[in-house]
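Colleague:
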Amino acid sequence: MKIYFDVKEENKKIIFVTNAEGNDIIRAPLLNKGTAFSMPEREELGIDGLIPPRVLKIEQHIEKVHQRYKRLETPLLMLCKNCDRLNKKSFDALKKEIDIAKYNFLRDLQDRNEILFYAYASTYLKEVLPIIYTPTVGEAVLRYSRDSARFRGIFLSPNSINKAEKIFDQFRFKKPTIAVVTDNQGILGLGDQGVGGMNIPIGKLALYVLGAGIRPWETMPVSLDVGTNNIEDLADPQYLGYKAGRLQGKQYLDFIDKFVKAVQKKFPNMLIQWEDFSRQNAFTVLDRYRYKVLSFNDDIQGTGSVALAGIINGLKLSGGDFKDQHFVIYGSGAGGVGIARRIAACLKSKHKLSEKQAYSKIAILDSKGLVTNHREVADYKKPFSKDKNFFKSCDVDDTSNIKLPEVIKNFKATVLIGTSGCQGHFTKDIIKLMCDNTERPLIFPLSNPISNSEATPQDIYKVSKGKAIVATGSPFGTFNYNGKDIEVGQGNNFFIFPGVGLGAILSGGQYINDEVFTESAVTLSNITPDSNIKKGVIYPDISDIRNISASIAHTTIRCISKEQGTKELSIPDVKLKMWGPEYHTIVKKT
């Protein structure tokens, strides 16, 4: 039997109306409440006697889940207790396995009792965030074909794309308002991971629910499985995806076109968040559809917005004027160019610089050095290419390959941002060069995970003698510098994308205009507590994410309304639209 359920609200209370009964109720993740079903519900839904008799509250369920979750750490705790000298490699390997066990435990909970999953994750957000998403989700992607027991979401391949509308009809929810969509080619720092990339949309949508209160029954993870060029996956007999090389060129774009047209027909108001495409396809797809469907790319636009907020707050500490800074972006992928675009947009809109003046303030490096118009570069890099006039005053060894130290020295960089994924490339000499240019440089090694970070905050503090203002992409713990415990801010896209998504959905807009991401950065900067900034933490606390998301959503709605004439909502009104995890009453469809 196909399980049907609808949602209605009475006196601001959500009620699930379903045609399911008996074990079908217990097997449906959003309907299952375990032992929290009331006695009248058990009678009406035909589950009396199918679950133990005692009725528990959700708080008791959360505590039970937490006890089981913490028991997963027992092997690591025992090893630490019994080993005086623990080999770091062995420790890291065991911790990785325990983290994957935690990930699988939480995913299993999500597939059994989805509301309890969100209630638990909300209660222990800081603890579970690195498990349900980065960095642990990356390892889960690698193991997808071997470990996945239950599947969720929509899988579209060249064999099924022509049936996309029919497949949408088979989806478990009738009215999704947001889809996170990946083509699996640019998964985190792992590259092309084929069908395993589906774990990214699943995890990202969980963050939309946790961060912005988007209703879980309105979410749709989508894998556009256009094949894979991953040799290991193609050779793996257990690989679950479409076993062929990736579609390219016109075939690829035709595939994406078919998907978008099916969405426009079946879910015309649904927001699409493009996720983890390759750098070239990320820009192509974003620019191709941004005004055709309500959509954005978090890797490009969200990353740019978060970084811009960090720069604005960092300059509050250094006392520098934004328009006087020289920005160097080390890494030219979606994130790096997204940051460059957002800085340029801010220089133009907030500081009234011309386009030429704005671009002149920004230098980007790729694997071949400084991006210049002396060589062929991708279209999305061209606005930031330096021309021959840049070289007139430069002291460089080879103008065809101008390296990072030469750029910092000649460009007189004051802000250095890393999105390269190259561990340790912000060396002692690089940090010293930044300090030569300005008393308080902004140095942001934003690459994920920690193993890819361009520098550690400890090293930056040590070399700069505590003068540098630091933000990282990965969560680093506190460390001691000159007798003080130092904490640095994490430039986490989680501060931006849930609020932008919620705001876009609530706005009723047809597209997300560019201003949204500049203004969201300003909002994030403004709501960062002064107490954080004074101690060098240039981002707010992740524990305040729902208030942060409400403010970002309000900003998004305001920007869309300004350009498209849509409705506006106050922050209190936005908060009323945000769902919180609680067990809802379930009634039988009559």
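To convert a position in the sequence shown, counted from 1, into this note's numbering, add 1.
For glycine and all other residues, C-beta sits at the position ideal for the given N, C-alpha and C.
Just so you know, these numbers come straight off a predicted model, no measurement behind them.
#1: Whole alpha helix (DSSP H) runs in the region 46-116 with 4 or more residues, listed along the chain?
#2: At which residues does the alpha helix (DSSP H) containing S306 begin and terminate?
#3: Could you pull the start and end residues of the alpha helix (DSSP H) that P136 belongs to?
#4: Kindly confirm or deny that the region 447-463 and the region 186-193 touch, where touching means at least three C-beta pairs closer than 8 Å.
#5: Note down the Cα distance separating Y253 from D184, rounded to an integer number of angstroms.
#6: K175 by DSSP, collapsed to three states: which one?
#7: Shortest alpha-carbon distance to P530 belongs to which of K71, S149 and G490?
#8: First and last residue of the beta strand (DSSP E) that includes D7?
#9: In this structure, how does DSSP classify A472 when only helix, strand and coil are distinguished?
#10: Quick check on DSSP: helix, strand or coil for N514?
#11: Mapping DSSP to helix, strand and coil, what is P499?
#12: Find the nearest neighbour of P442 within the set H352, S421, G467 and S454, judged by alpha-carbon distance.
#13: If you drop the 5 nearest sequence neighbours on each side, which residues of the same chain put their C-beta closer than 8 Å to that of I409?
#14: Within 10 angstroms of the Cβ of L147, are there 16 or more other Cβ atoms? Answer buried if so, exposed if not.
#15: Buried or exposed: where does A236 fall if 16 or more other Cβ atoms within 10 Å of its Cβ makes it buried?
#16: Between I15 and E42, what straight-line distance do the alpha-carbon atoms span, to the nearest angstrom?
#17: Write down every uninterrupted run of the beta strand (DSSP E) in the region 191-274 whose length is 3 residues or greater and which is fully enclosed by it, in chain order.
#18: Report back the beta-carbon spacing between G370 and N402 to the nearest angstrom; my notes put them in contact at under 8 Å.
#19: Just verifying my parser: in three-state terms, what is the DSSP assignment at P573?
#20: Put N160 into one of helix, strand or coil per three-state DSSP.
#21: With DSSP collapsed to three states, give me the class of L31.
#22: Helix, strand or coil for Q565 per DSSP?
#23: Looking only at DSSP bridge pairs, what is Y331 linked to?
#24: Contact between the region 314-323 and the region 454-464: three or more CB pairs below 8 Å?
#25: Below 6 Å CB to CB, which residues in the same chain sit around N230 once its five sequence neighbours on both sides are set aside?
#26: Nearest by alpha-carbon distance to A346: which of F385, G334 and S333 is it?
#27: Put N438 into one of helix, strand or coil per three-state DSSP.
#28: Report the rounded CA-to-CA distance for L405 versus R113, giving the unit in angstroms.
#29: With a 10 Å radius around its C-beta and 16 neighbouring C-beta atoms as the bar for buried, classify A94 as buried or exposed.
#30: Here's a check: name, in chain order, each residue in its chain whose Cβ is nearer than 6 Å to the Cβ of V138, leaving out the five neighbours to either side.
#31: Using 10 angstroms around the beta-carbon of I232, count the other beta-carbons present and answer buried if the total reaches 16, otherwise exposed.
#32: Measuring CB to CB, does Y145 end up less than 8 Å from V66?
#33: Contact between the region 302-317 and the region 533-544 is defined here as three or more beta-carbon pairs at a separation below 8 Å; is this criterion met?
#34: Whole angstroms are fine: how far does the CA of E10 sit from the CA of I553?
#35: Thinking C-alpha only, which one of K387, K71, I99 and T135 is nearest G474?
#36: Note down the Cα distance separating G195 from L107, rounded to an integer number of angstroms.
Modeller: Taking the structure as given:
#1: 59-72, 75-83 and 89-113
#2: T304 to S319
#3: Careful: P136 lies outside any alpha helix (DSSP H) and carries neither H nor E.
#4: yes
#5: Distance between Y253 and D184, taken at the CA atoms: about 10 Å.
#6: coil
#7: Per the Cα distances, G490.
#8: F6 to E11
#9: strand
#10: Of the three classes helix, strand and coil, the one that applies to N514 here is coil, per DSSP.
#11: helix
#12: The option with the nearest alpha carbon to P442 is G467.
#13: V329, L417, I431, L434, M435 and N438
#14: What sits at residue 147 in the sequence shown is Arg, not Leu. Label assigned to R147: exposed.
#15: exposed
#16: The alpha-carbon atoms of I15 and E42 are separated by roughly 15 Å.
#17: Those beta strand (DSSP E) runs which fall completely within the region 191-274 and span 3+ residues are 220-225.
#18: Between G370 and N402, the beta carbon gap of about 4 Å places them in contact (Cβ cut-off 8 Å).
#19: Assignment of P573 by DSSP, reduced to helix, strand and coil, places it in the helix class.
#20: coil
#21: coil
#22: Q565 carries a helical assignment under DSSP once its states are collapsed to helix, strand and coil.
#23: Assignment of beta-bridge partners to Y331 by DSSP yields L366 and G419.
#24: With a cut-off of 8 Å, the region 454-464 and the region 314-323 do not count as touching, because too few Cβ pairs lie within range.
#25: Cβ neighbours of N230 within its own chain (closer than 6 Å, five residues either side excluded): D193, G246 and R247.
#26: F385
#27: helix
#28: 50 Å
#29: exposed
#30: So the qualifying residues of the chain are N200 and G204.
#31: exposed
#32: no
#33: yes
#34: 26 Å
#35: T135
#36: 23 Å
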